[in-house]
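Notes follow the structure.
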Amino acid sequence: MVFTYVIEHMEEDEDTSKALPKWVELEYMHMRTLAGPSSQVHFTHLSQSSCTTLSSLFADAPTDTPLAPATPQQESIQQLMEHAGVSLAQICLLDPKADAPLAPEDGDGRFAWFLFGVRDDPPRDRTAELRALGFPGRHLGPVQMTTDTALGVTKLVVQDGSACARTSWLRPSDYPTIVFNARESVEMPFRYIADGKEPKLPPGMRQHLHEDLDKSFDF
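So the number in my numbering is just where the residue sits in the sequence shown, counting from 1, plus 109.
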């Protein structure tokens, strides 16, 4: 079964002239790898400038790794649903306030799409706007993840059928420290999928974090 993952960016009108933050670009590109070529990824509710930026990045993506087809668009999730003929009941909202956890049986065909709101640091309940629309919800545990991690864990559960996908999360440290050298490090306030003993970061994210850290010491 082909699953569709939808990231509702909820970009405000006043943000239309602003560039996407680098970390957003890196996470969004990473989602295509985590979803895999048998899935589809839609990025909705973006400004025209953000759509142009992402379209260019996706077109220039390396071809040596199988990637999910991805579509950035200005349409909201509601508009996309209408055009695709997908009902509310067929879409699962990944919601930290949902009563039930995501489980392998949620990949049995009851849901065709899995919907994510963009994460914040510090956390804000931006998912509330989507929750109010009445989507069925599932949660991924009590610790906030990056959006690409949430998509990756969802894929592990519903496509790969892993009831114990949580064993792939980085533990016991849900807030891993990224060490750059003997004097520089940064603690990440999120849960990640484990890549050996390290968190599975988007390609380029480690360098971006180091550059950001260096900037904070520029006076």
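Each residue gets a CB set at the ideal place from its N, CA and C atoms; glycine is no exception.
To the nearest angstrom, how far is the alpha carbon of W132 from that of A170? Numbered from its first residue, the sequence shown carries residue 132 at position 23. Numbered from its first residue, the sequence shown carries residue 170 at position 61. Rounded to the nearest angstrom, the two C-alpha atoms are 16 Å apart.
Excluding the 5 residues preceding and the 5 following F289 in the sequence, name in chain order all residues of the same chain whose CB lies nearer than 6 Å to its CB. Here residue 289 is taken as the residue at index 180 of the sequence shown, counted from 1. Cβ within range, chain order: H319.
Does DSSP put P181 in a helix, in a strand, or in coil? To locate residue 181, count along the sequence shown from 1; it is residue 72. Note: P181 maps to strand in three-state DSSP.
Where does H154 fall in DSSP's three states? Here residue 154 refers to the residue found at position 45 when the sequence shown is read from its first residue. Of the three classes helix, strand and coil, the one that applies to H154 here is coil, per DSSP.
What number of angstroms, rounded off, separates the C-alpha of A198 from the C-alpha of S148? Sequence index remark: in the sequence shown, residue 198 carries index 89 (1-based). Sequence index remark: in the sequence shown, residue 148 carries index 39 (1-based). Cα-Cα distance, rounded: 20 Å.
What would DSSP say about H317, mapped onto helix, strand or coil? Position 208 of the sequence shown, counted from the first residue, corresponds to residue 317. Helix.
Exposed or buried, S159, counting other C-beta atoms within 10 Å across all chains shown (16 or more means buried)? Counting from 1 along the sequence shown, the entry for residue 159 is found at position 50. So S159 counts as buried.
Proximity winner among D208, F223 and A209, relative to M190 (alpha-carbon distances): Counting from 1 along the sequence shown, the entry for residue 190 is found at position 81. The shortest Cα separation from M190 among D208, F223 and A209 belongs to F223.
Can you grab the Cα-Cα spacing for the pair P312 / P130, in whole Å? Sequence index remark: in the sequence shown, residue 312 carries index 203 (1-based). Sequence index remark: in the sequence shown, residue 130 carries index 21 (1-based). When rounded, the distance between both Cα atoms is 15 Å.
Report the three-state DSSP secondary structure of H248 (helix, strand or coil). Looking up residue 248 in the sequence shown gives position 139. Strand.
Quick one: measure Cβ to Cβ for F225 and L203, integer angstroms, because I've assumed they're closer than 8 Å. Residue 225 sits at position 116 when you count from the first residue of the sequence shown. Residue 203 sits at position 94 when you count from the first residue of the sequence shown. Correct: roughly 5 Å between the Cβ atoms.
Throw me the rounded Cβ distance for the A144 and L260 pair, which I believe falls under 8 Å. Here residue 144 refers to the residue found at position 35 when the sequence shown is read from its first residue. Here residue 260 refers to the residue found at position 151 when the sequence shown is read from its first residue. Sure, about 6 Å apart at Cβ, within 8 Å.
For A207, which residues from the same chain have a beta carbon less than 8 Å from its beta carbon, with the 5 sequence-adjacent residues on both sides left out? Here the question's residue 207 lines up with position 98 in the sequence shown. If the five residues before and after A207 are omitted, its C-beta is found closer than 8 Å to the C-beta atoms of G246, R247 and H248, all from its own chain and listed in chain order.
What residue from T258, S185 and G243 has the CA that sits closest to G250's CA? Reading the sequence shown from its first residue, position 141 is the one you call residue 250. Taking the Cα of G250 as reference, the smallest distance to any Cα among T258, S185 and G243 is reached at T258.
Considering only residues of the same chain and omitting the five flanking positions on each side of L239, which have a CB-CB separation below 8 Å? As a first step, residue 239 is located in the sequence shown; it is residue number 130 there, counting from the start. The answer, listed in chain order, is E117, I186, L202, D204, L224 and G226.
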